[in-house]
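Worksheet for the structure shown next.
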DNA sequence: GCCAACGTTGGC
DNA sequence: GCCAACGTTGGC
């Protein structure tokens, strides 16, 4: 069982949008960054736990949790000529982009802002702190526990 | 809206 | 096979 952090712009898809899905299950798609793609395709597995992070907004923060209910499968948008995520170099037998399904688990009583994470010595090694601009990233079990305690009190 | 970090692309 | 250009991401 692994821990992850998934970033999403709340204007596009927020944790409340996930909670509003049928069965609270939503598709995590539109990933078009190779590092993120590789994690998604090769490492993210069913049953893994996910921090839901709101990016590119007023207060970037970890806002809740989800679980992976379906491991990587080809992102349908890459095959759809009408989609802005259409990719001419992708084919059914050689898909380039992948997505997973996740289920809403919790929304924090209190979001844990990026600024606070950066100040916390216990979280100094988080990929979120060390490397920006990565929308799918691993989280350690210790980091998971620490952030949960901060947000879910 | 600027620009920095990262991986891929493509000209040579 | 080098490396500059480019696309994506995302904090500020």
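Residue numbers (our numbering): 702 to 854. Virtual Cβ for every residue (Gly too), placed ideally from N, Cα, C.
**Prompt:** Just to confirm, are residue 774 and residue 799 a CB contact at a threshold of 8 Å?
**Reply:** Cβ atoms of residue 774 and residue 799: closer than 8 Å.
**Prompt:** Quick one: is residue 710 buried, meaning 16 or more other Cβ sit within 10 Å of its Cβ, or exposed?
**Reply:** So residue 710 counts as exposed.
**Asked** Whose C-beta lies closer than 7 Å to the C-beta of residue 825 among residues of the same chain, with five residues either side of it excluded?
**Response** Taken in chain order, the list of residues that qualify is empty.
**Message:** Measuring only the C-alpha atoms, how far is residue 772 from residue 705?
**Reply:** A direct Cα-Cα distance of roughly 13 Å separates residue 772 from residue 705.
**Asked** At which residue ranges does the segment 767 to 822 contain complete alpha helix (DSSP H) runs of 4 or more residues, listed in the order of the chain?
**Response** As summarised for the segment 767 to 822, the continuous alpha helix (DSSP H) elements at least 4 residues long and confined to that stretch are 815 to 820, given in chain order.
**Request:** Can you say whether residue 752 is buried or exposed, counting buried as having 16 or more other CB atoms within 10 angstroms of its CB?
**Result:** Result: buried.
**Request:** Compare the Cα-Cα distances from residue 767 to each of 791, 779, 720 and report the closest residue.
**Result:** When only C-alpha atoms are compared, the closest one is 720.
**Message:** I need the DSSP call for residue 728, collapsed to helix, strand or coil.
**Reply:** Residue 728 falls in the strand class under three-state DSSP.
**Prompt:** Can you round the beta-carbon distance between residue 838 and residue 851 to whole angstroms, since I take them to be within the 8 Å contact cut?
**Reply:** No, residue 838 and residue 851 are not in contact; Cβ-Cβ is about 18 Å, not under 8 Å.
**Message:** Buried or exposed, going by whether 16 or more other CB atoms sit within 10 Å of the CB of residue 727?
**Reply:** Residue 727 should be labelled buried.
**Item:** Through-space distance from residue 814 to residue 750, alpha-carbon basis
**Value:** Residue 750 and residue 814 have their alpha carbons spaced roughly 19 Å apart.
**Message:** Less than 7 Å separating the Cβ of residue 811 from some heavy atom of the ligand COA?
**Reply:** The ligand COA is absent from the structure shown, which contains no ligands of any kind.
**Prompt:** Looking at the structure shown, is residue 746 part of a helix, part of a strand, or coil, going by DSSP?
**Reply:** It is coil, neither helix nor strand.
**First and last residue of the uninterrupted alpha helix (DSSP H) at residue 849** = Note, residue 849: alpha helix (DSSP H), 842 to 852.
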